[in-house]
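Contents: one structure, followed by commentary.
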Ligand SMILES: [Zn+2]
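Residue numbers (our numbering): 250 to 350.
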């Protein structure tokens, strides 16, 4: 899912609120980040193959313009993705999610 201008501004505001200065890259020490205009997802890994029906973790990515180090922040915490999965897309994941609470 791509971010529109309003969502990108929302992320930048949220990062300003939550991530204290100096926002230095932990790899190279520079302070030059680019926000990707897309939500990515991290999913569980199974060495035997793709896992179906498991929840995914939606993230936004900031990349250091000097060394390429990427930082991920939860798209849920950023307010871009609802905390609960939608039933039509993640019915199996939702049942699994509730079992863990
Ligand atoms: Zn860097």
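Built from N, CA and C at the ideal position, the CB exists for glycine as well.
Quantities reported herein were computed from a predicted structural model and do not represent experimental measurements.
Cβ-based neighbour list, residue i, same chain, cut-off 6 Å, excluding 5 preceding and 5 following
i           : result
residue 287 : 251
residue 300 : 293
residue 311 : 282, 284, 320
Terminal residues of the beta strand (DSSP E) in which residue i lies
i           : result
residue 299 : Unbroken run through residue 299: none, as it is neither H nor E.
residue 311 : 305 to 313
residue 322 : 319 to 323
Heavy atom of ligand 1 within 7 Å of residue i beta-carbon
i           : result
residue 320 : no
residue 276 : yes
residue 301 : no
residue 279 : yes
Own chain residues within Cβ distance below 8 Å of residue i, not counting five before or after
i           : result
residue 350 : Reliability of the predicted coordinates at residue 350 is poor, the pLDDT of 37 falling under 50, and the value obtained from them is presented with this limitation in mind. No residues qualify anywhere along the chain.
residue 273 : 279, 280
residue 257 : 284, 286
How do the region 293 to 305 and the region 259 to 270 stand: do at least 3 beta-carbon pairs fall below 8 Å, yes or no? no
Report the start-end ranges of each beta strand (DSSP E) in the region 253 to 303 that is 3 residues or longer and not cut off at the edges. 282 to 292
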